[in-house]
Every structure is written in C-alpha cells, then in structure tokens.
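full-length UniProt numbering applies: residue 1 is where the sequence shown begins, and numbers increase by one.
Working notes for the structure below.
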Amino acid sequence: MSAGPSRLHGASMPRNLELHPPVRRRRVPDELRQRSENSCDRCKKRKRKCVRADDASQCAACEEAGDECRTTLPRKRKAAGSEASARYALLDSIVRKIYPEEDVESVEGLASLARRLGASVGLDTVEMDETRPRASPEAVDIRADMTTGGDIPKTLLPEGWLVPAPRGGYHYVGPSSLISFARDARRLVAKSKILNQPTYDEEGMRRYVHASEFTNYKVSHSLEANIENHPAMVAATSEAARSVASEPSPHGSGVAASPGDICSTHRVLSHQLVNAYFDRVHPNFPVLHRGAFQVQYERKSVKTQLAGDPGWACTLYMVYVLGAQAMEKDLALARQVQEQYLSLVVPEGLGRITLTSTLSNIQALLLLALYQHNAGERNTAWSLTGHAVRIAVAMGLHRDGEHHDFDPFDRNIRRSVWWTLHVFEQYLSLALGRPSFTDAIVSDAKLPEVSFETGLGLPAGYLAHCVSLSWFVTRIKQTVAIASASYSDPPRLSDLSPTVLGIHGDLIAWKKSLPLEMSLGQRFDSPTHRRLVVILLISADYLESVLCRPFLLCRVDRELSGQSVPAVIEEIAEHTISAAHAAAIKLLLLEDHGLLEGSVWLDFYAVQHCIMITSLHLLGRPHDPEGESLRDDVLRLFAASERIDLAPTYRLTMKVAYQLACIAGVVSDGLRADQRVERSGEEPVVPTMTSIPVSMSRDSGQYTFKGMPDLPDRSEADLFADFLSLNNQGNDAEVFADWNFFDMPEFTGLDGGEGFVDTAALFRQ
C-alpha cells in the first residue's frame, strides 16, 4: 500500500523512458485522414475542413452546395512571430513611402489601393471580416491597431550603465533615458571645436567656459538630489522628524498628528492646501475622487490617526504636502507644512502602508512618489511606484472586476487609479530608461465610465487617449535604446529606419485619430480642460522627438566631422526638429495662459528636451537660416522658466539645458531677452554675468582673466553656482553649490580616445 502514492505522484521517471522516450504518433493515421492537402477556395474562405474522396473531383461542401470546386488561392504561409513583425514593419514603411498621399490607415483604404494595383488576393476575406461584429471599444487594445514594429528581441537591447549614488551604491540608467541623451550630447560638445579654439572673443570665451563645465558634470545628483535641509531629506534622515512622528497623539492613538499639527488647528490653511491640490495636482494625476475625498475630509480630518487608518491618513497628509509644494511661491508656511507631514508619512506611515493592500495605500504611495520625483529623488519615486504596482496587482486592479461585488463607484475608482498608475510609471521608466513594471502585466481593466471621468474633472474620453498614447512608450524606449547606441554608425542606424518610420507613422495616425474636442483652437469648458488637452498633444510631440533623436545625434556627429549625411538619417532628424518645435509652440501657449506647471508635474521634461534638441541642431548647423525662429522659442522658454517656481528636479534638468544652449550660441550671457527678441515687456531670459568681465590675454602661454575675481577650487564650489539657479534659490539653493552633472575625467577613453580639456587645472593657474 505504501508504494501506491509514490506511483500516483510520479516521483521519478523510469530509466528506460528517460533513455528511450516514446515516439509521438498521429492521433489519426494517414489512411484515415479526411482533410485535403490543399483546400478549395470555398472551404478556405469559410475556414472549414475540405473533405473529398481520393477519386472525387469535388469536395463534400462544394458538391452539397452545387458549386464548382476550385483551388486557386495560395496556401497560407506561416512565419515566426519575430519574423512576421519585422516583415510587416518593412512592408508598411515601403507602402507609406511609395504612396504618401494614399489612405493606408484603414483596411478600406488599403483594399482600394490593392484593387487599383490589381492585387486582389485576399480582398474577399477582408470584406467578410468587415461584416463581423466588433468588440466593444472599451475592450479594444490600442496595441492591436499598431501596424508596425513588433517586440524587439531582448538580446538586441544594449546595456545601460551604473551611476555612483550620492549615498553609496549604484543606480542603473538605461540607454534611452534623458540622462543618456545628455551624455551623448556632451560627447558631441567635446567633439566640436569650441574646446580647441586658439583664441576667443568675449562671447567665445563664455561659450568655452560653459562647454568645459558641461563636459565635466556628474550624473549622480540627477537621480538623488540629496538637497540638504529640503523637506524630503529632513523627513528621511532627521532624528527630529522621527521624534515628531512618534509623539503621542492628542486623540489617543499611538501614532498620529502631533500636538502642533498645523492643519488641524488652522482649518483655513487646510482648506487652502486641499484646494491647491485639486486645482494644480489632481487634473494631471487623478488618483482621488474629489467628492469622495471631501466627505472623508470633513468627517475625519480633525481626528485622523495613522494607527487607525494609515492609508487614509497618509493620503490626507500627502494632499497637504503636495498642496504646499504647489503654493511654495505664495504660502509662507509651505516649507513647515511639508516638513511636518512628511515627517509623519515617511518614518512611520510608510512602514504601515507598504505591509497591507488597500486602495488608499496605493493612493498614498503614488502621491508620495510624485512628491519625491518633484523633489529630485527620482530613484525613490521609482521604487515607490514599483511597490504601488505590486499592491495594485495583489488587489486585482489590473483585472476589471465586473464579476465581483463592486458598486459602480468602487469599480470606476479602481480603474482610474490603475490607469493613472500605468501612465505615470510608463513616463517615469522612459525618463530613466528602465524596464516598465506594468508592461509585464496582462491587464484587461477597462477605462472609467465617461460620467465618472467627467466627475473627476477630466474632459470626456481624455483618459482613453492618454492610455492609448502610453502604449507607444515601450516600443519607443526599446527602439531608442538600440538606435542611441548606434548613432555614430550610419549604416546600422539606416537599418533601423524602417522600424522608426513605422512607429512614427503610427504616432502620426494617433494624432489624426483624435476627435475635434482634443485639438487646439476649440472653446474649452475650463482652463483645466485647456491645459489637459494641450499637455496631451505636447506628450505626443515629445514622444515623436524622443523616437527620432538618435538620428539627429548621428547627423550632428557627421556634420562636426565634415562628413555627408545619408538621406534617410537627414529625413528622420528633421522629424525630431519639427516635433520639438511643435512641442515648444504648445508649451509657450500654456505659458501664455498661465498654465505651464513647474512644481508638481512633468511639463519641464518636454521643455528641457525641446531646448536640447534645438541646441544640438544649431551646434551642427550654427548658420541655419531657419534657426532664428527656433532660437526665439528657446529664449521664450527660458524666460518662462524664470517666472515659474521650479521644483528641484526641473531646476537640475534646466541647468543642463541652459548650458548646452549657451554652448550652441542659442542664448548669450549678458544679453537680455528684449535685446534678442523684439517683444514688449519680455522678461530676462537668463541671469546675466555682468559681474564677470571676460576680456582675455595670453601671457607666457597662460590665460589671464582681466578683472575676474579669484575662483574657488572646483572641489569646493561650482564655478557658476550663483547664476545657474534660474531665479529659484529658495529653500534648496545649496544644491547648486557642489552639484556635478556629468563625470568626464573617467569618460576620456570611452569614445576611442577622445580627450577633453582639463579645465579644472586651467582655472587653478
């Protein structure tokens, strides 16, 4: 009896079966098979068995219908998934190239083109398919409508690199990230003649100084700003913050609001913060429902306890914190609010909400991730977002939940949280060049109902377009990773052009598919709706520019070397410029309406990218006759950045963009905006350098700066920390004192021996 279970469970395979595995046999012997080797046309169209006797001229179906049994259609060819994807990508690119005026976006248009060309094979099948019932639009995955560019084999994806972290250890940065783009840009700056001029005039010397700085920055602080005395750092490291969080609550809980809780004692302040959150943060990041939040806020805000309901408590505190971050320019207590409530959320609340799975825990994690991202702690934001994805999957938010006992509100808020999390995580992964968590998850969650979506304050159908645009991110990220690694190899880059053009065509088709209410020039219901629609269009332009930017890098690289540029590379590089220019125009439109966001959302990623793309274009073509309009837009963007309060993340990225713009001659130190652009009332574009007269002479082979004060050693202070703050010094001006964006000394041998000027030694002489 004891041997029975072991045989049943199959603990081991008999030795003879391991040596001689059984041969797989057909379930139906050949002599009894009824399907014909080559089906007739009627059976192929109806996708049924074509059965006939060996000596019969007609199959059973044709004989029964009284039709002639003919076999003229070719046999269906089957290809491997990766081969088919590549083949269809190439065919689609060829068709779009040869017939640019034809409608190739729809089946009807392709069928009409095929008839005119005499290619009638398969048209009957297409017409039959058009008569079949379609799935509900809510359930249609936008990825199924993409005609090109299947998944790229993971073996082709290049490695990124590990960046030393300010607090020890390393962080991974992918080859498609903004950081990697800046790294490629500094290679081109080093390759240009700016660092090798024998003599300089005043303007040339300023560009030289910026170039030498740009090629010596380190990347570490772009992922972890590590800003001393910033509320995010106080909450994470200060013992005082932990003591505040552990003080006994006046309401009797073990961990809750401190006795000096600002918002509990000043209700007018708490109302201001909540309103600021829902006016400035919520439209971009709809993880809460204002009506439902308001009910809990009015009932619980005074007696909120971390111990009793940590998810709700942390959500409320983060609403206060983000509201204070949005009001930093106008609220004297903004810093104090951020410090106090972050000191409650981070040391104690975070440990509670990460150990249980509730919807309010996900909401709190997402709000904290957004704040950390804005505060320069992008690596922390990445980790928190990943944890929120895990909890969301554990709760089944990636599945629709229609077959469970959720009421309509619960079902729709789950959908809103899931898709907001998905979109945010996609763009964060693109900025850092890292794999996306949500890509690995099979999701059938539907979008929120339109009535619920408008109840969130969004335009009807807005979230559907955001989600459909986000599906491009992974394809773009993988393609850009491969193309960026090959930007100095034109033949290899040309081989990738069909894939890039295919994705580009899909992006253009997506733009054309937008309804009229999602376009410019409409009468919007509110400023919020105007901002959301314009930001959606900017996101599409931004993705288009990111997709094509390796081809601009290649073009600039060839032009700096005095070599010709292949036509296909020139064509795609122009797509980059036009998309960046289109994004800049829309960003300026937002700024004209007072809707450009620099504190609590990602607008300045697009601003930075536009400026850097334009600067690289003019670095390779400084005398481009069309460059003046591009320069004017960049100048206006810099002027906008001075008027807007920028969060630390965007201050750091704008610093890099500013330096590259100076190197390319797009902006000029010491010149005001109203001297470069004839616009009345224009603000200064960049801080001036009137305190540093840079006339220069050469004595004994050394450079001498006339009237220039002694400069500190680079290890002690950044050369231009005083004027690169972009009018936003405030609480964390010290971030500019020793912040190095790029590490060039160790980079010297990376590009086949390209050397860089030892500017540190130059300035110490």
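Idealized CB from N, CA, C, for every residue including glycine.
Here the structure is a predicted model, which is why all the values come from computation and not from measurement.
{"Item": "For the alpha helix (DSSP H) that residue 532 lies in, which residues bound it at each end?", "Value": "527 to 560"}
{"Item": "Could you check which residue in 343, 94, 497, 640 has the C-alpha nearest to that of residue 572?", "Value": "497"}
{"Item": "Please state the DSSP three-state secondary structure of residue 266.", "Value": "coil"}
{"Item": "Roughly how many angstroms lie between the CA atoms of residue 269 and residue 333, to the nearest whole one?", "Value": "9 Å"}
{"Item": "Residues in the same chain with beta-carbon distance under 6 Å from residue 290, minus the five sequence neighbours each way, listed in chain order, please.", "Value": "278"}
{"Item": "With residue 462 as the anchor, note down where its alpha helix (DSSP H) starts and where it stops.", "Value": "462 to 485"}
{"Item": "Once the 5 residues before and after residue 577 are set aside, which same chain residues still bring their CB inside 6 Å of it?", "Value": "617"}
{"Item": "Assuming residue 596 contacts residue 657 under a Cβ cut-off of 8 Å, what Cβ separation, rounded to an integer in Å, is found between them?", "Value": "Not a contact, Cβ separation roughly 15 Å."}
{"Item": "Are there 16 or more other CB atoms within 10 angstroms of the CB of residue 293, so buried, or fewer, so exposed?", "Value": "buried"}
{"Item": "In the structure shown, what three-state DSSP assignment does residue 568 receive?", "Value": "helix"}
{"Item": "Between the alpha carbons of residue 104 and residue 98, how many angstroms are there, rounded?", "Value": "11 Å"}
{"Item": "Hey, residue 350 and residue 287 are a contact pair by Cβ (cut 8 Å); roughly how many whole angstroms apart?", "Value": "Contact doesn't hold; Cβ gap of about 17 Å is too wide."}
{"Item": "Measure the beta-carbon distance from residue 382 to residue 434 and round it to whole angstroms, keeping in mind my assumption that it falls under 8 Å.", "Value": "7 Å"}
{"Item": "Specify, as a first and last residue, the run of the alpha helix (DSSP H) that residue 601 falls within.", "Value": "Per DSSP, residue 601 belongs to no alpha helix (DSSP H) and is neither H nor E."}
{"Item": "Once DSSP output is grouped into helix, strand and coil, what is the label at residue 692?", "Value": "Only weak support exists for where residue 692 lies, its pLDDT of 30 falling under 50; the coordinates are left without a value."}
{"Item": "On the DSSP bridge list, what partners appear for residue 173?", "Value": "161"}
{"Item": "Would you tell me roughly how many angstroms separate the C-alpha atoms of residue 568 and residue 66, rounded to the nearest one?", "Value": "56 Å"}
{"Item": "Beta-carbon separation of residue 613 and residue 545 under 8 Å?", "Value": "yes"}
{"Item": "Measuring from the CB of residue 485, is there a heavy atom of the ligand MG at a distance below 7 Å?", "Value": "The ligand MG is absent from the structure shown, which contains no ligand whatsoever."}
{"Item": "Roughly how many whole angstroms lie between the Cα atoms of residue 554 and residue 491?", "Value": "11 Å"}
{"Item": "Keeping to the same chain, check which residues put their C-beta closer than 7 Å to that of residue 361; ignore five residues upstream and five downstream.", "Value": "311, 353, 391"}
{"Item": "I'd like the span of the alpha helix (DSSP H) that includes residue 381, first residue to last.", "Value": "378 to 394"}
{"Item": "Can you tell me where the alpha helix (DSSP H) with residue 361 in it begins and where it stops?", "Value": "359 to 374"}
{"Item": "Would you decide whether residue 355 is buried or exposed? Buried here means 16 or more other CB atoms lie within 10 Å of its CB.", "Value": "exposed"}
{"Item": "What does residue 104 pair with, by DSSP beta-bridge criteria?", "Value": "Bridge partners of residue 104: none, in fact."}
{"Item": "Just the C-alpha distance for residue 410 and residue 448, rounded to the nearest angstrom, thanks.", "Value": "10 Å"}
{"Item": "Please report the distance separating the alpha-carbon of residue 325 from that of residue 338.", "Value": "7 Å"}
{"Item": "Drop a sphere of 10 angstroms on the beta-carbon of residue 170, count the other beta-carbons inside from all chains shown, and report buried for 16 or more, exposed for fewer.", "Value": "exposed"}
{"Item": "Can you tell me whether residue 45 is helix, strand or coil according to DSSP?", "Value": "helix"}
{"Item": "Using a 10 Å radius around the Cβ and a threshold of 16 neighbouring Cβ atoms, would you call residue 92 buried or exposed?", "Value": "buried"}
{"Item": "Does the beta-carbon of residue 655 have 16 or more other beta-carbons within 10 angstroms, so that it is buried, or is it exposed?", "Value": "buried"}
{"Item": "Helix or strand or just coil, what does DSSP make of residue 744?", "Value": "Only weak support is given to the placement of residue 744: the predicted model assigns it a pLDDT of 32, under 50, and the value that follows is read from those uncertain coordinates. Correct three-state label for residue 744: coil."}
{"Item": "Go ahead and label residue 504 buried or exposed: buried means 16 or more other beta carbons lie within 10 angstroms of its beta carbon, across all protein chains shown.", "Value": "buried"}
{"Item": "Is there contact between the region 533 to 542 and the region 578 to 592, where contact requires at least three CB pairs shorter than 8 Å?", "Value": "yes"}
{"Item": "When the Cα of residue 443 is compared with those of 87, 422, 461, 399, which residue comes out closest?", "Value": "399"}
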